[in-house]
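In this note's numbering, each residue carries its 1-based index in the sequence shown increased by 25.
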Amino acid sequence: MTIESMKKTQFSERTYEEWREAAEKALKGKPFEKTLKTPTIEGITLEPLYTKEMLDRLDTFVFDQTKAVQNGKRLPGWFVAQETHAATVSDYLVAIKDDLKRGNEMIVYLSYQNLEWTDAELKELAELIVHYPLYFRLGSDDNGILRVFDFVEEEQLGHVQGVIFSEAEVEVPQKVRTQLIDTVPVHNAGGTIVHELGVALSILAEKMDRGNFAAQAKDLWVRFAVDTQFFQEVAKLRAFRVLWNAFCSAYGEEAPAIPVFTETSVRSYSKLDPYVNLLRAGNATFSAVLGGTNAHTVHPHDFLTVPDAQSRRIARNVQLVIKEETHVSHVLDAAAGSYFIETLTKEFVDAAWSYFLEIEAAGGYSEVIKSGWLTDDIQSKWVERKEKVATRENSLIGTNIYANPQEPVKEGQVAESHLVYMSAKRLSSPFEKLRAQSKERLLKAAVLHVAPLKTVKAQSDFVQGFLAVGGIEPLISPELSNAEEVNRFLSENAIDYAVLCGPKEVLEEIIPALNAAASIDVAGKYGKDDLNRWEEFGVTDAIYSGKHITSKLEQILSLGKEAI
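If you want it as structure tokens, here you go:
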């Protein structure tokens, strides 16, 4: 084919129905709905293909939705807002200046530091906040830093901008916002995107009912944690802008821009294989950027213990790589026009607005917190999340799958600045406990091959991976051709726990002749009749894909002896 003929070539138009027919043929009998459609925890179904026809009122709706998103952001780009740590004020000032030189773009101060500031030090800080936006999170007894505004020249106060989260009432320059709509606690409690958005609206409703709407709106900012569900998190932040626009319309007001601050979620962070947290952080950060964050914080990969200068630098560079090498900082609402993202945005808008109305019908945010209604609703979703991870329907690489059993669990002192996050519900916690428990037990486990390797390899690899999640490294047997060889192997190696790998017809021959003290399971999913029949010969259970891994590993580890 020549270049000229290629230029004249046209792709034939295809319909969704034709695509579906081709997909069903490729699936070879597997159900289309269950195989290619993915339900989310919010009750939204992710389609395998998105088309123009799927968006109701496409032209009008997408135009209005995109307009609301872009009016809420207005300018492309975002601030790199990495946390700066120091033990003293002088160290903090040195560190913040160094961070600013190396790509940080905000002056971030966290309450835990509770440092004692002298006038000279506040004056030095004042010179910085005139040129860089500030991000202060303060406790009720840590407001000494707020005297910094006294050291800013009056004609320069208009240049001071940023946000402050303080438990106490504070007086600040006009461009510094102090009324936080904080959805991070909802996220850290296990809430869904719909919970986060609905609660944000409910908190807004309570705040706006207290005074002048326009004056209140100018003082607002919102904070979200961003998890690893890439497209959903992009749509979440876009949906908030649309919801805020609709909220203001309900009050008969124009929607002013509200700055959205984001941070990487610790819900998916793990102490196991912690460098994977870098990938999680990069994924979440790119979601936040495409979703339209105004300022973002990346928690270091060793955030759950004590981050060092190197890990904080790497965390900062996650944002800098995205900013400098993808050029998305030059684009406002880069996700606009994607059928997938626009559809997800619309679905989250509809679901969150309905949830907001449900909260209001129950008495509003304060009332549902007091009654426990909201807590119970969020808890039910957290239980669902845990189950999906425990059955490995959802993966945590290096933690519940592809684990390294030789890796020690990194323990030690938790950074004081992160203590507030330690109450966050993390999906990896049960697996970290299992791994720690495995170091305290002396358990001799084995994977028994009762057929040629080429026959049992898939089963054997699966079982070894299953056990590795609990820090168990089993002894792998050679091919054992009969029950006598199995019994001898178990006895000679003093095995406490073993898994038989082989086809069912071989197991039927070997199991009735087992005579060992070890607890024995079989690899593969077998029915109750088979397991009940084999139980009298010492077979206790089966290991298979979809097995509840945490409860099973707890049971296996209990077979070991306590390490002295």
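Cβ coordinates follow ideal geometry from the N, Cα and C atoms, glycine included.
Got a sec? Which residues, its chain only, sit under 7 angstroms from residue i by beta carbon, not counting five neighbours each side?
{"i": "Y569", "result": "G549, K550"}
{"i": "V155", "result": "V177, Q181, H184, V185"}
{"i": "A264", "result": "L222, T370, F373, V374, A377"}
{"i": "R451", "result": "V291, R292, Y294"}
{"i": "T27", "result": "none"}
{"i": "W398", "result": "A387"}
{"i": "E432", "result": "L297, D298"}
{"i": "L245", "result": "R202, Q204, I206, I283"}
{"i": "A309", "result": "V251, D252, T253, E258, T289, S290"}
Starting from residue i, trace the alpha helix (DSSP H) both ways and give me its first and last residue.
{"i": "L473", "result": "Premise fails: L473 lies in the beta strand (DSSP E), 470-474, not in any alpha helix (DSSP H)."}
{"i": "H220", "result": "218-233"}
{"i": "T400", "result": "398-415"}
{"i": "G307", "result": "301-316"}
{"i": "R338", "result": "334-351"}
{"i": "D375", "result": "364-386"}
{"i": "Q462", "result": "454-464"}
{"i": "A47", "result": "41-52"}
{"i": "Q580", "result": "574-582"}
{"i": "L150", "result": "144-154"}
{"i": "T60", "result": "57-61"}
{"i": "S191", "result": "Unbroken run through S191 is the beta strand (DSSP E), 187-191; no alpha helix (DSSP H)."}
{"i": "R558", "result": "553-560"}
{"i": "R513", "result": "508-517"}
{"i": "I28", "result": "28-33"}
Whose C-beta lies closer than 6 angstroms to the C-beta of residue i among residues of the same chain, with five residues either side of it excluded?
{"i": "K348", "result": "S354"}
{"i": "D167", "result": "S136, N139"}
{"i": "A361", "result": "T91"}
{"i": "A280", "result": "W269, N270, C273"}
{"i": "L71", "result": "T63"}
{"i": "E130", "result": "F104, V105"}
{"i": "E146", "result": "V114"}
So residue i and residue j are supposed to be a Cβ contact under 8 angstroms. How far apart are they, rounded?
{"i": "S295", "j": "G423", "result": "7 angstroms"}
{"i": "A543", "j": "A523", "result": "5 angstroms"}
{"i": "V177", "j": "I189", "result": "Incorrect: roughly 14 angstroms between the Cβ atoms, too far for contact."}
{"i": "T575", "j": "P455", "result": "5 angstroms"}
{"i": "L467", "j": "G307", "result": "Actually they are not in contact, since the Cβ atoms of L467 and G307 sit about 39 angstroms apart, beyond 8 angstroms."}
{"i": "L357", "j": "K98", "result": "6 angstroms"}
{"i": "V481", "j": "C526", "result": "4 angstroms"}
If you count every other CB in all the chains shown that lies within 10 Å of the CB of residue i, and 16 or more means buried, which is it?
{"i": "Y380", "result": "buried"}
{"i": "Q107", "result": "buried"}
{"i": "L163", "result": "buried"}
{"i": "T289", "result": "buried"}
{"i": "D124", "result": "buried"}
{"i": "K261", "result": "buried"}
{"i": "P332", "result": "buried"}
{"i": "S396", "result": "exposed"}
{"i": "S420", "result": "exposed"}
{"i": "P73", "result": "exposed"}
{"i": "S336", "result": "buried"}
{"i": "S115", "result": "exposed"}
{"i": "M31", "result": "exposed"}
{"i": "E608", "result": "In the structure as shown, the chain begins at 26 and stops at 589. Residue 608 is therefore absent and cannot be evaluated."}
{"i": "Y117", "result": "buried"}
{"i": "Y160", "result": "buried"}
{"i": "S405", "result": "exposed"}
{"i": "A449", "result": "buried"}
{"i": "R341", "result": "buried"}
{"i": "N237", "result": "exposed"}
{"i": "Y521", "result": "The residue you asked about is not Tyr; residue 521 is Asp in the sequence shown. Buried, because 16 or more other Cβ atoms sit within 10 Å of the Cβ of D521."}
Near residue i, which residues of its chain fall below 8 angstroms by C-beta distance, leaving aside the five closest residues on each side in sequence?
{"i": "T113", "result": "L140"}
{"i": "G490", "result": "I426, Y427, A428"}
{"i": "E504", "result": "H474, V475, A476, P477, L478"}
{"i": "A567", "result": "D546, V547, A548, G549, K550, Y551, L556"}
{"i": "V247", "result": "L205, I206, D207, T208, A225, F265, I283, P284, V285, F286"}
{"i": "S391", "result": "E231"}
{"i": "T76", "result": "Y41, Y364"}
{"i": "L100", "result": "L357"}
{"i": "R235", "result": "Q241"}
{"i": "G389", "result": "S227, A230, E231"}
{"i": "I501", "result": "A471, V472, H474, S485, Q489"}
Over the uninterrupted beta strand (DSSP E) stretch that includes residue i, give me the two end residues.
{"i": "A548", "result": "544-548"}
{"i": "G490", "result": "It is not in any beta strand (DSSP E) - G490 instead sits in the alpha helix (DSSP H) that spans 478-493."}
{"i": "H321", "result": "320-322"}
{"i": "P503", "result": "500-504"}
{"i": "I568", "result": "564-568"}
{"i": "L163", "result": "159-163"}
Item to check | Minimum length 3: unbroken beta strand (DSSP E) runs contained in the stretch 239-308 | outcome: 245-251, 285-289
Item to check | 3-residue-minimum beta strand (DSSP E) runs that sit fully inside the stretch 92-137, ordered along the chain | outcome: 132-135
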